[in-house]
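Asker: Residue numbers (our numbering): 180 to 510.
Let me begin by handing over the structure; questions about it come next.
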Amino acid sequence: MVKLERREVVPVRIPMEGGEHEAVIVIEHDGDLQGLGEAPVLAERGSSLKGLVAELSCEVPPRTPAARCALETAALDLRARREGRPLAELLGGWRRREVECCALVTAGPPNLVAREVERRAAAGFRAFKLKAAAGGGPGDQERLGAARWAAGPGASLRLDFNGRLGAAEAAARLPSLAPFRLQFAEQPLPGDAALESWLELVQTGGIALAADESLARPELAEALAGAGVACAMKLGTLGGPMAVCGLAQRAHGPVTIGSSFETAIGIAAALHAACALIPEPLPCGLDTGRLLDDDLAFGPILGGSLLQAPAGPGLGLELDRRALALYRLDR
Numbered sequence: 180m181v182k183l184e185r186r187e188v189v190p191v192r193i194p195m196e197g198g199e200h201e202a203v204i205v206i207e208h209d210g211d212l213q214g215l216g217e218a219p220v221l222a223e224r225g226s227s228l229k230g231l232v233a234e235l236s237c238e239v240p241p242r243t244p245a246a247r248c249a250l251e252t253a254a255l256d257l258r259a260r261r262e263g264r265p266l267a268e269l270l271g272g273w274r275r276r277e278v279e280c281c282a283l284v285t286a287g288p289p290n291l292v293a294r295e296v297e298r299r300a301a302a303g304f305r306a307f308k309l310k311a312a313a314g315g316g317p318g319d320q321e322r323l324g325a326a327r328w329a330a331g332p333g334a335s336l337r338l339d340f341n342g343r344l345g346a347a348e349a350a351a352r353l354p355s356l357a358p359f360r361l362q363f364a365e366q367p368l369p370g371d372a373a374l375e376s377w378l379e380l381v382q383t384g385g386i387a388l389a390a391d392e393s394l395a396r397p398e399l400a401e402a403l404a405g406a407g408v409a410c411a412m413k414l415g416t417l418g419g420p421m422a423v424c425g426l427a428q429r430a431h432g433p434v435t436i437g438s439s440f441e442t443a444i445g446i447a448a449a450l451h452a453a454c455a456l457i458p459e460p461l462p463c464g465l466d467t468g469r470l471l472d473d474d475l476a477f478g479p480i481l482g483g484s485l486l487q488a489p490a491g492p493g494l495g496l497e498l499d500r501r502a503l504a505l506y507r508l509d510r
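Laid out in structure tokens, this is it:
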């Protein structure tokens, strides 16, 4: 094993649409080479900026998946740069060079939902994801109706509940969403819901399901993937690109990769993983860099709805030190 010369652990906060993105950037140094990784702060999953900095600054292997993701990504990026090849080749090789993206619809009122979906559809998007704002009730159904009208019958729609429904409520609500022909309902149950609750909902819900937050529990992730529940994977949830590729290979149902609103560093890592997946992923939720006011690197190029992997070794990125200095919180 090559001994690294130095590791930088840099907390950052970047303004974005609707709030701020907080993360810890890991920079592994080996001579003139640098490996980059990103640990997004997932407050709803118990992580904090201070906690991630502490984890990534000590010699003990990190506990949280986000911290493990940052270290693994930086190590893979550095190794791939050293070997002069893209990071995707360390994950099993290229199976595609670009990935279709799903558009995240951020508008609230139905008329604005329709306008946003029309605009993104005109740009080439064929898959759209809405966040549930009313527990799948009448308010969300109006928004889904507007999205379906604007997108057309052939588009894919998703509704993400972020774990806000109980088992009984989900069983009662989800069947009413069938007329909107959702590709899946994402994480209707809480992240700590038991496997049995998921399996019951598969039988009674009437629409396809996808797991996101629940994938943070390794045993449950394996069980859900084995049961054919779609896996909406995030690198910061599973612990890095290798874990994402491994779970996808073992999954018996559809897979997709999403973001936690990372900078170009995290998005590029997720894109390399998506390009290396053995199963063809559903449209991925990686078109989120546009929501940041600024970025820390020049990232993957979006052409229509297709996100193209950067050329060059490793992640294919170069760190923007000016931006890092502007948004870092430790100086």
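Each residue gets a CB set at the ideal place from its N, CA and C atoms; glycine is no exception.
Keep in mind it's a predicted model, so treat the numbers as computed, not measured.
1) Which value, in whole angstroms, describes the spacing of the CA atoms of residue 349 and residue 317?
2) With respect to the beta strand (DSSP E) encompassing residue 208, which residues constitute its N-terminal and C-terminal limits?
3) Helix, strand or coil for residue 335, going by three-state DSSP, please let me know.
4) Is it the case that the Cβ atoms of residue 218 and residue 249 are separated by a distance below 8 Å?
5) From residue 180 to residue 382, what does the alpha carbon distance come to, in whole angstroms?
6) How many angstroms separate the CA atom of residue 392 from the CA atom of residue 238?
7) Would you report the Cα separation of residue 413 and residue 449, rounded to the nearest angstrom?
8) Is residue 217 a contact residue of the ligand HEM, with contact defined as CB to any heavy atom under 7 Å?
9) Between which two residues does the beta strand (DSSP E) carrying residue 410 extend?
10) Bridge partners for residue 190 per DSSP, in chain order?
11) Kindly indicate which residue of 478, 332, 189 and 336 has the alpha-carbon position closest to the one of residue 283.
12) Can you check the region 416-446 for any beta strand (DSSP E) of at least 3 residues that lies completely inside it and give the ranges in chain order?
13) Using 8 Å for Cβ pairs, my map puts residue 325 next to residue 289. What's the rounded Cβ distance?
14) CA-CA distance, residue 460 and residue 234?
15) Mapping DSSP to helix, strand and coil, what is residue 496?
16) Apart from the five residues just before and just after residue 497, which ones in its own chain have a Cβ nearer than 8 Å to its Cβ?
17) Could you give the C-beta distance for residue 430 and residue 277, rounded to a whole number, given that I count them as a contact under 8 Å?
18) In terms of residues, what are the limits of the alpha helix (DSSP H) holding residue 244?
19) Quick one, are the C-beta atoms of residue 246 and residue 215 less than 8 Å apart?
20) Apart from the five residues just before and just after residue 367, which ones in its own chain have a Cβ nearer than 6 Å to its Cβ?
21) Do residue 359 and residue 409 come within 8 Å of each other at the CB atom, strictly closer than that value?
22) Where do the ends of the alpha helix (DSSP H) carrying residue 292 lie?
Answerer: Let's see:
1) 14 Å
2) 198-209
3) strand
4) yes
5) With a pLDDT of 41 at residue 180, under the threshold of 50, the predicted position of this residue should be treated as unreliable, though the coordinate-derived value follows. Spanning the two alpha carbons is a distance of roughly 49 Å.
6) Rounded to whole angstroms, residue 392 and residue 238 show a C-alpha spacing of 28 Å.
7) About 8 Å.
8) Within the structure as shown, the ligand HEM is missing, as the structure has no ligands at all.
9) 409-412
10) Bridge partners of residue 190: 203.
11) 336
12) 434-436
13) Sure, about 4 Å apart at Cβ, within 8 Å.
14) 32 Å
15) coil
16) Same-chain partners within the cutoff: 476 and 477.
17) The pair is not a contact, with the Cβ atoms about 22 Å apart (cut-off 8 Å).
18) 244-262
19) no
20) 340, 344 and 349
21) no
22) Run containing residue 292: 289-301, per the alpha helix (DSSP H) assignment.
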